[in-house]
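Numbering (this note's numbering), first residue to last: 9 to 194.
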């Protein structure tokens, strides 16, 4: 069917595409609906280098197995420098190991309801294993997606997405109900 473009007989002589844009052609892709931006293995599936069930994109210890409740880090490693990273970086100051650029207008919001989190701004992009942020929890809100249906949040030194109706202004004394940002995040 594609005389000008070579492709396998199994696809009527046409080349395979890459519908999810993960770099693995659809003929070989075992996970054809991988979320945009996810790190994938040779089969096109989100990678989990340490096989602990926490995908590398959110695993704070991608080379050491650990439970999701501990951000993928082992629970048996003492943290000698009290920076809560289970000594992934043994002598680091507290905080993220990467510089994160906050967009203008970013504020801390508070979850009004318990909500599931997403890799991207799409109801089909749930983080697996499922992760729920409880009502009352706070997080940095960076901006909205183009549809206005999701907010991008900073969580555990990475970004995730949550439905806009799950989070609102933080009423504490510091943020005093400051409105959440409406700027669109790529």
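All C-beta atoms in this analysis are idealised placements derived from N, C-alpha and C, irrespective of residue type, glycine included.
Bear in mind that the values here come from a model prediction, so they are computed numbers and not experimental data.
Taking the Cα of residue 145 as reference, the smallest distance to any Cα among 131, 179, 128 is reached at 179. Per the C-alpha coordinates, the member of 37, 157, 117, 79 positioned closest to residue 181 is 117. In this model, residue 164 and residue 47 are separated by some 17 Å (Cα to Cα).
Here residue 120 is exposed. Its C-beta has fewer than 16 other C-beta atoms within 10 Å. With fewer than 16 neighbouring CB atoms inside 10 Å of its own CB, residue 138 falls in the exposed class. Assigned with DSSP and collapsed to three states, residue 76 falls in helix. Per DSSP, the continuous beta strand (DSSP E) segment holding residue 148 begins and ends at 146-152.
Rounded to the nearest whole angstrom, the C-alpha separation of residue 70 and residue 161 is 21 Å.
Bounds of the beta strand (DSSP E) holding residue 160 are 158-163. The beta strand (DSSP E) runs lying completely inside the region 106-149 and spanning 3 residues or more are 115-119, given in chain order. Distance check between residue 62 and each of 54, 80, 51, 53 places 80 closest, using alpha-carbon atoms only. Rounded to whole angstroms, the separation of the alpha carbons of residue 67 and residue 128 is 16 Å. Each of 82, 186, 185, 140 was checked against the Cα of residue 171, and the nearest Cα belongs to 140. For residue 186 against residue 135, the beta-carbon gap comes to about 27 Å, at or over 8 Å, which does not count as contact. Annotated as proximal: residue 65 and residue 54, with beta-carbon spacing under 9 Å.
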